[in-house]
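Notes for the one structure printed next.
Chains as they are written, first to last, in my numbering: chain A, 1 to 113; chain B, 1001 to 1113.
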């Protein structure tokens, strides 16, 4: 059974650009959540999508957005990139809404220069 | 609001010695608790979780954790560590009303040969 797949694994962008990250959940999982991991702030919740609807949102500016498609795949978009957006972005999928059944992907490491 | 405290940022331990990684949480509602392990340049792997029932939970690789509601703790223990246990360990708390995880700041476990 394939795990959670995040693409790309590494990304380098320039300040002011925008970026889109992708997450393909485990087959049959309908919930996708996103977390940001930085050395300074640790692991922080971004948002959760279930059945193509955002169900929960963390305390991030509006530059961070996401969506979920009918096949449960999810994308996360960050616009007007700042240096502080450099982080490991982790996606977790779950068969149902909520965190109790999470399986995490390997992450996308974004570097903003 | 929930919070998680991992008091030790780094723990060096000799190979084959026992180890305890401490985790305390704060929450006003019923919680579920996790320990995740992260190897360099990888995502989070679930080590073990407490959802309900028996307060002692075990992983397949020899780790165990005990949920102590009165002390609001979920410490992780292993009676004999191996070089391959070198990694960063994260404690996380979630609740059934607000389905996201709050993570501790992590404990870096270093095994000394």
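Don't be surprised by glycine CBs; every beta carbon is placed ideally from N, CA and C.
For residue i, the nearest candidate out of the options (CA to CA)
i: residue 1110 of chain B; options: B/1034, B/1025, B/1040 and B/1003; result: B/1040
i: residue 1053 of chain B; options: B/1069, B/1060, B/1063 and B/1020; result: B/1069
i: residue 1027 of chain B; options: B/1090, B/1084, B/1081 and B/1073; result: B/1073
i: residue 102 of chain A; options: A/49, A/82 and A/83; result: A/49
i: residue 1084 of chain B; options: B/1062, B/1105 and B/1092; result: B/1062
i: residue 1029 of chain B; options: B/1104, B/1001 and B/1009; result: B/1001
Residues of its chain near residue i, where Cβ-Cβ distance is below 6 angstroms and the 5 sequence neighbours each way are ignored
i: residue 109 of chain A; result: 10 and 88
i: residue 1055 of chain B; result: 1066 and 1067
i: residue 20 of chain A; result: 75 and 77
i: residue 1024 of chain B; result: 1005, 1072 and 1073
i: residue 1081 of chain B; result: 1013, 1019 and 1111
i: residue 33 of chain A; result: 48 and 92
i: residue 1079 of chain B; result: 1018
Which of helix, strand or coil DSSP assigns to residue i
i: residue 1008 of chain B; result: coil
i: residue 26 of chain A; result: coil
i: residue 1060 of chain B; result: coil
i: residue 66 of chain A; result: strand
i: residue 83 of chain A; result: helix
i: residue 1028 of chain B; result: coil
i: residue 1003 of chain B; result: strand
i: residue 31 of chain A; result: strand
i: residue 108 of chain A; result: strand
i: residue 91 of chain A; result: strand
Contact with chain A by residue i, beta-carbon distance below 8 angstroms
i: residue 1032 of chain B; result: yes
i: residue 1099 of chain B; result: yes
i: residue 1051 of chain B; result: yes
i: residue 1043 of chain B; result: yes
CB contact below 8 angstroms: residue i versus chain B
i: residue 105 of chain A; result: yes
i: residue 60 of chain A; result: no
i: residue 40 of chain A; result: no
i: residue 98 of chain A; result: yes
i: residue 52 of chain A; result: no
i: residue 56 of chain A; result: yes
i: residue 64 of chain A; result: no
i: residue 74 of chain A; result: no
i: residue 90 of chain A; result: yes
Cutoff 7 angstroms; reference residue i; Cβ partners in own chain excluding five residues on either side
i: residue 43 of chain A; result: 35 and 37
i: residue 1046 of chain B; result: 1034 and 1036
i: residue 1103 of chain B; result: 1004, 1090 and 1092
8 angstroms CB neighbourhood of residue i in its chain, flanking five on each side removed
i: residue 1100 of chain B; result: 1094
C-beta neighbour in chain C for residue i, strict 8 angstroms
i: residue 1010 of chain B; result: The structure shown has no chain C; the protein chains it does contain are A and B.
Opposing strand residues paired with residue i [DSSP bridges]
i: residue 1086 of chain B; result: Looking at the DSSP assignment, residue 1086 of chain B forms no beta bridge with any residue, so it has no partner.
i: residue 49 of chain A; result: A/32 and A/54
i: residue 19 of chain A; result: A/78
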